[in-house]
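S.K.: This is the structure I have questions about; it appears just below.
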Amino acid sequence: MENENPVVYERLPDRIFKEEDFRRGQLPIDAREIRDILDPEHPMTLEELKVVQLELIQVDDENNYCAVQFVPTITHCSLATLIGLSIKVQLMRLLPARF
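First residue of the sequence shown: 50, per my numbering; consecutive thereafter.
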């Protein structure tokens with residue numbers, strides 16, 4: 050284990066959908082889609098470790114665009130590739146094919 054004692058941050062509150070979101074037939078997509086991915090080294094989410102942060106994720110639902118930057122908990126993290134792949138797989142599962 051490379052980072053035995055990572056700093057743990059508070060999670061952001063869950064999204065609250067409005068009734069009109071459900072009437073549209075499609076819930077809005079935002080940066081919180083990937084916050085629940087578990088870290089490969091610790092029993093915490095990438096959000097709790099600040100590996101993914103809302104300000105580093107761009108989602109443009111209308112133009113079918115999503116870009117994610119992430120910050121590993123330590124420099125030269127050997128699991129950065131695995132984290133990136135985990136993010137990609139989660140996006141492929143959650144986002145519509147139009148992205």
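Quick reminder that beta carbons are idealized off the backbone N, C-alpha and C, glycines included.
In this text the structure is predicted, and so the values were computed from the model without any measurement.
Could you tell me which residues DSSP puts in a beta bridge with Y114?
M.R.: Per DSSP, D109.
S.K.: For I86, count neighbouring Cβ atoms within 10 angstroms of its own Cβ and tell me buried if that reaches 16, exposed if not.
M.R.: Its Cβ being crowded by 16 or more others within 10 Å, I86 is buried.
S.K.: CB-CB under 8 Å to V100, same chain, minus the five flanking residues each way: which ones, in chain order?
M.R.: For V100, where only same-chain residues beyond five positions count, the Cβ hits under 8 Å are D88, F119, V120, P121, T122, I132.
S.K.: Applying the criterion that 16 or more other CB atoms from any shown protein chain within 10 Å of the CB defines a buried residue, is L98 buried or exposed?
M.R.: Buried, since its Cβ has 16 or more Cβ neighbours within 10 Å.
S.K.: Could you check the C-alpha separation between S60 and E111 for me, to the nearest Å?
M.R.: Going by the sequence as given, residue 60 is Arg instead of Ser. Computed Cα separation, rounded: 27 Å.
S.K.: Please report the straight-line C-alpha distance between N54 and Q102, rounded to a whole angstrom.
M.R.: N54 and Q102: Cα-Cα distance of roughly 20 Å.
S.K.: How about V117 and D79: are their beta carbons less than 8 Å apart?
M.R.: Against a cut-off of 8 Å, the Cβ pair of D79 and V117 comes out as no contact.
S.K.: Give the range of the alpha helix (DSSP H) segment to which L98 is assigned.
M.R.: First-last for L98: undefined, no H or E at that position.
S.K.: Determine the extent of the alpha helix (DSSP H) in which Q102 is found, giving its start and end residues.
M.R.: Element bounds for Q102: n/a, residue is neither H nor E.
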